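Enquirer:
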Amino acid sequence: MLENLATLQSIACLVWQYCFFRLANIQKDKNGYLYNRKSDSRAEYSILEELEHKMSVNRKAEKTKILQQLAKIHNNVKRLQQQLEDVKPTSEFVDKLKEMLEETENAVNTFKDEQRQIYEQLLKDEKTAVNELSIFEKKVELWATSSSTTEKVLKLPSARISVNKTLGNHLPEEVIEFERFLQQTGGRQGGWDDGDHQNFLKVWTKHRGRLSYVDEALEYLHGRTKEDVEQHGIWYREFLILQDRKKEVKRLFWGLCSFKEYILIFKIHALVIFVLDYEKAEERRQQQQAAISAWKKQKAITSAVEQNASTNVI
């Protein structure tokens, strides 16, 4: 029994450590992703920055207001206590005391009403957020399960079928746009054969996408014109932009998976704690049962001794 308890306690400790480690990594990934100034979606994420800043300011203002209200209530109570230390049986004293009591009661009631309204609004916001997250989670799950279907559809001879018609609105717009782009422009090589595209990439990377790559690329791309190379460069720039957007959406998806993993770890920890409590309760029950059995046995022995003593006396 004790060995089981020690093992479960060790498991609980490890689960907690891993849980905090994963949470720290999730928070780090979130901050690095949302506040990366080089991100193509920087404009969208700046809205989140402004919203978070606004919420932070509102929280600080709310905290200051609550502290002021509590300080006012505390001062009123303190003044009331001081007055009660020197009670005077006069009507003026009673009126003053009554006024102070009413002021304190009004301050407390006002504070309670405001907090109740805030709490009710938070409950509404929480319900709305849970519903929105549930919808988003279902879309992400459908996207994850449909990703393999997308690749199969794009490889079919009749690949001109619309991606939207194939998957509906389950996939994120960035994924649909990227797959549609590949479908309409000849795949991941822009309609070029593997050899030409690899030579193009070699020169493109060397010149870092600057226009100076065109003349050198023509030396490796026999049969291609300058216009062909320039058009392929335009295609490749758009390919990189759309591919980066798709990658960012995938990072969001894995962030959600990490959060779900954290929830799972938390549930496992709760289960371990439950087992620990059950083991301890079972151990206490067995100890109590053993104590009762020992008491009954001792009582039976005592009764037998007393009965024998009575018989001998007779």
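With the numbering used here applied, the sequence shown corresponds to residues 1301 to 1614, in that order.
Cβ atoms here follow ideal geometry from the backbone N, Cα and C, with glycine treated the same way.
Small disclaimer: the values here were computed from a predicted structure and weren't measured.
Quick one: using the 10 Å Cβ neighbour count with 16 as the cut-off for buried, is ARG1545 buried or exposed?
Expert: buried
Enquirer: Considering only residues of the same chain and omitting the five flanking positions on each side of GLY1490, which have a CB-CB separation below 6 Å?
Expert: HIS1532, TRP1535
Enquirer: With DSSP as the reference, label THR1525 as helix, strand or coil.
Expert: Of the three classes helix, strand and coil, the one that applies to THR1525 here is coil, per DSSP.
Enquirer: Quick check on the DSSP output: the alpha helix (DSSP H) that includes ARG1508 runs from which residue to which?
Expert: Segment: none, ARG1508 is in no alpha helix (DSSP H) and carries neither H nor E.
Enquirer: Can you look up LYS1388 in the DSSP assignment and give me helix, strand or coil?
Expert: If DSSP states are grouped into helix, strand and coil, LYS1388 belongs with coil.
Enquirer: Please report how far the alpha carbon of THR1505 lies from the alpha carbon of ILE1435, in whole angstroms.
Expert: 41 Å
Enquirer: From HIS1497 to LEU1433, what does the alpha carbon distance come to, in whole angstroms?
Expert: In a straight line, the C-alpha of HIS1497 is about 42 Å away from that of LEU1433.
Enquirer: Measure how close the beta-carbons of PHE1481 and GLU1538 come, nearest whole angstrom, since I'm counting them as under 8 Å.
Expert: 7 Å
Enquirer: For GLU1548, count the other beta carbons within 10 Å of its own beta carbon; 16 or more makes it buried, fewer makes it exposed. Which is it?
Expert: So GLU1548 ends up on the buried side.
Enquirer: Are the stretch 1412-1424 and the stretch 1378-1387 touching, with three or more C-beta to C-beta distances below 8 Å?
Expert: no
Enquirer: Is the beta carbon of GLU1403 less than 7 Å from the beta carbon of ASN1376?
Expert: yes
Enquirer: Please tell me whether GLU1516 and VAL1503 are closer than 7 Å, where the distance is taken between their beta carbons.
Expert: The beta carbons of GLU1516 and VAL1503 sit closer together than 7 Å.
Enquirer: Here's the rule I'm using: 16 or more other beta-carbon atoms within 10 Å means buried, otherwise exposed. How should GLU1299 be labelled?
Expert: Residue 1299 is absent from the structure shown; the chain starts at 1301 and stops at 1614.
Enquirer: For a test of your reading of the model: does the CB of GLN1587 fall under 6 Å from any non-hydrogen atom of the ligand ZN? Yes or no.
Expert: No copy of the ligand ZN occurs in the structure displayed, which carries no ligand at all.
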